[in-house]
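Take a look at the structure below.
In the numbering used here, the protein residues as written are 45 to 212.
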């Protein structure tokens, strides 16, 4: 399993606090695939893009001292590399029959290490092409939107209660 640490969100751009007061987000992956007919190894840049995106978005939902671990078990990106394209000519075809899918396990702990929330979820968005996405040039725009929706639906009540702004 590749463990891609997301580090504490205690950078100079955010709030400078002691280690005990950090918000921590950790992302790990077990399996990664671009699609079921992917011709080669996964592009590590995709995982790094997701890591940075999830770190930024998830941290705003956490209180100081809380830790969120997310283990991505599978990512099936929107679209498909269709079989008539040779490996040198991979073009991801975005069609309604190829929605993005993400399977993950998450665990939220408080500052003392007590588990506050935990679960395993399978995310998909069959109508992904009907929605507006922020950056139409982003290769992983649909997967990021899917994860954003999940973060908001799972943790948004916490952000409001804690006075945090998920759009920061």
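Built from N, CA and C at the ideal position, the CB exists for glycine as well.
Its chain contains 149 as the residues whose beta carbon lies nearer than 6 Å to that of residue 164, once the 5 sequence neighbours on both sides are disregarded; these appear in chain order. Rounded to the nearest angstrom, the gap between the Cα atoms of residue 158 and residue 114 is 16 Å. Contact annotation: residue 112 and residue 167 have beta-carbon atoms that are not nearer than 8 Å. Boundaries of the beta strand (DSSP E) harbouring residue 164: 159 to 168, taken from the DSSP string. Across the structure, residue 160 and residue 191 are spaced so that their CA atoms are roughly 20 Å apart.
Distances from the CA of residue 170 to each of 96, 98 and 123 were compared; the closest alpha carbon is that of 123. Within the DSSP secondary-structure output, residue 150 pairs in a beta bridge with 114 and 163.
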